[in-house]
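**Student:** Dropping a structure here in structure tokens format, bear with me for questions.
Given below as structure tokens:
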């Protein structure tokens, strides 16, 4: 038996019963007409959540990191110049992927715990007018920082670049407007603010990104991630669904339910719910003299980084919460390892009473 | 609501209730000690099913085709000479992946519906003594053919090559002995003879394959598939589980249960069950004057290809089975499209009464 956990880490978040029930429906074929309807529903609601009309919008059959890989391998060719903004673990992962592709990588680096600085990006674009792609993380899961995706994208588009944005910890939890903000490739994960089971990567490609992918000089290096092969399977309204791979049918049943819950709630209401819950958490933690290293205006509502007081044992507190209360919080990652915790209030957990619940538990576990 | 289907196509097969119930257990974190125990169980039982003691044995977080991609991107470097045996769709996919890597690909081709010819492989190896890797499909899902993996691997090993084998439709349904047969990289899918939900790729790497992957001159082109990064997360008995990506926690609950069912049954008994069911199906179909294009000694028990009689409408029969009886059978793929069906008796469906059930239904639907 798997124990029930209250999941206040950086994801997965708690999955609502309705989503788990959808998950456990009987498996059917990946080309069954009933399953094609499921995919149509998923694509339609995912467009709503991304606020996009991009035809090529679908859910990849693997975790969010495959969304990152697919974003780059489709739109970046060997030798392309790519500017990657790094202010945490996941910008660093983008760099690793681009180096494997053989891209020329320019990094724009900001301190962990601060957002990407638009002026630094602007300078990098001026110094590198031949840049093809700009990439950044909208919501850094390693640091709890929200960067200004709209401003960063506007700078990149003015310079004629494609824009890739990681929204793993922002989709449906933080304001995100793919079309209005001119984001070209945007990917996310299932297990954060959507409160779906882990293992799926929502993704969307603008027509400009698809044009780049379809007119490459070299083949996309990954067969699994090649959007030229994937799009014909996922596209709704197409007469022919070209088989590419066997989709994770049950996980997509769950994703349909999770997306339906998000769309029924409405995005602005859902964003506000995440903000309200986070503000309650911040208030409670600061009232207990805990320090939040990210400046208020850049804090990411779904994920809060808390400095660990110097007299407190990181692992012992996390262990105590898990073993005595069945509560998970996140350890620090990278430069924050050992000196910060990460507390998620995502999806189903983004509620004021849940914020009070985890604040009470954490504060008591310190005493 | 998703309708119940009897799944007699090329996979997914019907998933037992115990596996669906395991799937829908509450989501927990991917670094939770309880989840690490789940992974340990999965790895142990997967080694049993592969008949291997390879330390690097795990379940990739994506469908079988990522297993294929991971096998090649880790062990093949640009310029490496690779012999790929092609006797159906999936050998062709291997070729596409290797071309994307920049390998020098030599193909050994056999007719669809026949196995890989060991003599042709032997000739190719003699003509190309600098070959680094030999790859073939043990059980071709597009043609219902079983190739002689043991003999093919012996030829390749004698020539000093690494051996990659696709066992998507054979793992736990057809005799497969990874260590005894000297297979270096072997991958499969969750949704065939294991009767787990689709979306996972069991995989195992021999020490020689790991050595090749860790001593490459170039980086593995895929971050997601890089076994140098993946192995530390999955390895049992390691004191530190290095986070790589968020595992599909619920699907791995299901996989643990599916593997447990296979190990409890015992592999020889499970192989025999698949053979017995298939022999019943073949007997029934041939008694109804239906033609099976694959020679008896090369037929794949889990998947039978049936020629469509010339006076019968392919799509109409499949549509009637689906709409009136909620039964799925598979259409022909590639060269078999329109002139053959594919009937799977995999995992939970590999039983004589299930063979009779689908034979009755198919024969009646022709009348």
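Protein chains in written order, with the numbering used here: chain A, 401 to 767; chain B, 401 to 767.
The beta carbon of each residue, even a glycine, is placed where N, CA and C say it ideally should be.
1) By a C-beta neighbour count over all protein chains shown, 10 Å radius and 16 as the cutoff for buried, is residue 558 (chain B) buried or exposed?
2) Please classify residue 617 (chain B) as buried or exposed, where buried requires at least 16 neighbouring CB atoms within 10 angstroms.
3) Can you list, in chain order, the residues of its chain with a C-beta nearer than 7 Å to that of residue 434 (chain B)? Leave out the 5 residues immediately preceding and following it.
4) Look at the alpha carbon of residue 694 (chain B) and the alpha carbon of residue 596 (chain B), and state the distance between them as a whole number of angstroms.
5) With a floor of 3 residues, list each beta strand (DSSP E) that falls wholly inside the stretch 446-473 of chain A, ordered by position along the chain.
6) Spatial neighbours of residue 441 (chain B) within its chain, please: CB distance less than 7 Å, with the 5 preceding and 5 following residues excluded, ordered by chain position.
7) For the stretch 431-447 of chain B, which residues have a beta carbon sitting closer than 9 Å to at least one beta carbon of chain A?
8) Is the CB of residue 650 (chain B) under 8 Å away from at least one CB in chain A?
9) Counting Cβ pairs closer than 8 Å, one from the stretch 653-668 of chain A and one from the stretch 596-615 of chain A, do we hit at least three?
10) Would you call the stretch 526-546 of chain A in contact with the stretch 717-728 of chain A, where contact means no fewer than 3 C-beta pairs closer than 8 Å?
11) Going along the chain, which residues of its own chain have a beta-carbon closer than 7 Å to the beta-carbon of residue 473 (chain B), five neighbours each way excluded?
12) Give every residue of the same chain whose Cβ lies closer than 8 Å to the Cβ of residue 418 (chain B), excluding the five residues on either side of it in the sequence, and list them in chain order.
13) Which ranges does the beta strand (DSSP E) cover as unbroken runs of at least 3 residues, wholly within the stretch 479-520 of chain B, from first to last along the chain?
14) At what residues does the alpha helix (DSSP H) containing residue 687 (chain A) begin and finish?
15) Using a cut-off of 7 Å between C-beta atoms, extract the partners of residue 497 (chain A) located in chain B.
16) Just verifying my parser: in three-state terms, what is the DSSP assignment at residue 408 (chain A)?
17) Starting from residue 415 (chain A), find everything on chain B with Cβ-Cβ shorter than 9 Å and list it in chain order.
18) Who are the Cβ neighbours of residue 570 (chain A) in its own chain at under 6 Å, not counting the five residues just before and after it?
19) Apply the 10 Å Cβ neighbour rule to residue 712 (chain B) and answer buried if 16 or more other Cβ atoms are within range, or exposed otherwise.
20) What span of residues does the alpha helix (DSSP H) with residue 622 (chain A) cover, start to end?
21) Taking Cβ positions only, does residue 647 (chain A) come closer than 8 Å to chain B?
22) Apply the 10 Å Cβ neighbour rule to residue 478 (chain B) and answer buried if 16 or more other Cβ atoms are within range, or exposed otherwise.
23) Determine the closest residue to residue 514 (chain B) out of B:494, B:485, B:587, B:608, with distance taken between C-alpha atoms.
24) Could you tell me whether the Cβ atoms of residue 457 (chain B) and residue 443 (chain B) are closer together than 8 Å?
25) Which runs of the beta strand (DSSP E) at least 3 residues long sit entirely within the stretch 538-587 of chain B? Give them in chain order.
26) With respect to the alpha helix (DSSP H) encompassing residue 607 (chain A), which residues constitute its N-terminal and C-terminal limits?
27) Nearest CA to the CA of residue 700 (chain A): which residue from A:749, A:481, A:726, A:546?
28) Going by DSSP, what residue range makes up the beta strand (DSSP E) through residue 704 (chain A)?
29) Taking Cβ-Cβ distances shorter than 9 Å, what residues in chain B pair up with residue 462 (chain A)?
30) Using a C-beta to C-beta distance shorter than 7 Å, which residues of chain A count as neighbours of residue 728 (chain B)?
31) What residue range is occupied by the uninterrupted alpha helix (DSSP H) comprising residue 422 (chain A)?
32) Closer than 8 Å, CB to CB, is residue 709 (chain A) near chain B or not?
33) Using 8 Å as the threshold, is the stretch 481-495 of chain A in touch with the stretch 528-536 of chain A, meaning 3 or more CB pairs across them?
34) As a quick exercise: from B:544, B:611, B:508, pick the residue whose alpha carbon is nearest that of residue 527 (chain B).
35) By the 10 Å Cβ neighbour count, where 16 or more other Cβ atoms means buried, how is residue 746 (chain B) classified, buried or exposed?
36) Candidates B:767, B:735, B:579: which alpha carbon is nearest residue 492 (chain B)'s?
**Tutor:** By the coordinates alone:
1) Sequence index remark: in the second chain, residue 558 (chain B) carries index 158 (1-based). By the 10 Å Cβ count, residue 558 (chain B) comes out exposed.
2) Taking the second chain and counting its residues from 1, the one referred to as residue 617 (chain B) is at position 217. So residue 617 (chain B) ends up on the exposed side.
3) Locating residue 434 (chain B) in the second chain gives position 34, counting from the first residue. Once the five neighbours on either side are set aside, the close Cβ partners of residue 434 (chain B) are 428.
4) The residue given as residue 694 (chain B) occupies position 294 in the second chain. The residue given as residue 596 (chain B) occupies position 196 in the second chain. Roughly 27 Å separates the two Cα atoms.
5) 456-460
6) If you number the second chain from 1, residue 441 (chain B) lands on position 41. Around residue 441 (chain B): 656.
7) 431, 432, 433, 434, 435, 438
8) Within the second chain, numbered from 1, the residue matching residue 650 (chain B) stands at position 250. True, the Cβ-Cβ gap to chain A drops below 8 Å.
9) yes
10) no
11) For the purposes of this step, residue 473 (chain B) is taken as residue 73 along the second chain, with counting starting at 1. Cβ neighbours of residue 473 (chain B) beyond the five flanking positions: 501, 620, 621, 622, 625.
12) In the second chain, counting from the first residue as 1, residue 418 (chain B) sits at position 18. Around residue 418 (chain B): 657, 661.
13) 481-486, 504-509
14) Locating residue 687 (chain A) in the first chain gives position 287, counting from the first residue. Segment 667-687, the alpha helix (DSSP H) holding residue 687 (chain A).
15) In the first chain, residue 497 (chain A) corresponds to position 97, counting from 1. Ordered by position in chain B, the residues that pass the 7 Å Cβ test against residue 497 (chain A) are 623.
16) Residue numbering aside, residue 408 (chain A) sits at position 8 when the first chain is read from its first letter. If DSSP states are grouped into helix, strand and coil, residue 408 (chain A) belongs with the strands.
17) The residue given as residue 415 (chain A) occupies position 15 in the first chain. Those within 9 Å of residue 415 (chain A) in chain B are 426, 427, 650.
18) The count along the first chain starts at 1 and reaches residue 570 (chain A) at position 170. The residues are 538, 539, 576.
19) On the second chain, residue 712 (chain B) is found 312 positions in, with the first residue counted as 1. Exposed, because fewer than 16 other Cβ atoms sit within 10 Å of the Cβ of residue 712 (chain B).
20) The residue you call residue 622 (chain A) lines up with position 222 of the first chain. First-last for residue 622 (chain A): undefined, no H or E at that position.
21) Within the first chain, residue 647 (chain A) is the residue found at index 247, counting from 1. So yes, residue 647 (chain A) belongs to the interface.
22) Within the second chain, the letter at position 78 stands for residue 478 (chain B). The residue in question, residue 478 (chain B), is exposed, as its Cβ has fewer than 16 Cβ neighbours within 10 Å.
23) The residue given as residue 514 (chain B) occupies position 114 in the second chain. That would be B:485, whose Cα lies nearest to the Cα of residue 514 (chain B).
24) For this step, residue 457 (chain B) is matched to residue 57 along the second chain. For this step, residue 443 (chain B) is matched to residue 43 along the second chain. Taking 8 Å as the Cβ cut-off, residue 457 (chain B) and residue 443 (chain B) qualify as a contacting pair.
25) 562-566, 585-587
26) Residue 607 (chain A) sits at position 207 when you count from the first residue of the first chain. Residue 607 (chain A) -> alpha helix (DSSP H) spans 607-614.
27) What you label residue 700 (chain A) is simply residue 300 of the first chain in a count that begins at 1. When only C-alpha atoms are compared, the closest one is A:546.
28) Here residue 704 (chain A) is taken as the residue at index 304 of the first chain, counted from 1. Start and end: 703-707.
29) To locate residue 462 (chain A), count along the first chain from 1; it is residue 62. In chain order: 460, 461, 462, 463, 466, 599, 624, 645, 648.
30) Translated into the one-based positions of the second chain, residue 728 (chain B) becomes position 328. Within chain A, the residues near residue 728 (chain B) are 429, 432.
31) To locate residue 422 (chain A), count along the first chain from 1; it is residue 22. Run containing residue 422 (chain A): 417-423, per the alpha helix (DSSP H) assignment.
32) Here residue 709 (chain A) is taken as the residue at index 309 of the first chain, counted from 1. No, residue 709 (chain A) lies away from the interface with chain B (no Cβ there is under 8 Å from its Cβ).
33) yes
34) For the purposes of this step, residue 527 (chain B) is taken as the residue at position 127 of the second chain. The shortest Cα separation from residue 527 (chain B) among B:544, B:611, B:508 belongs to B:508.
35) If you number the second chain from 1, residue 746 (chain B) lands on position 346. That one is buried.
36) Translated into positions along the second chain, residue 492 (chain B) becomes position 92. Here the closest residue by C-alpha is B:735.
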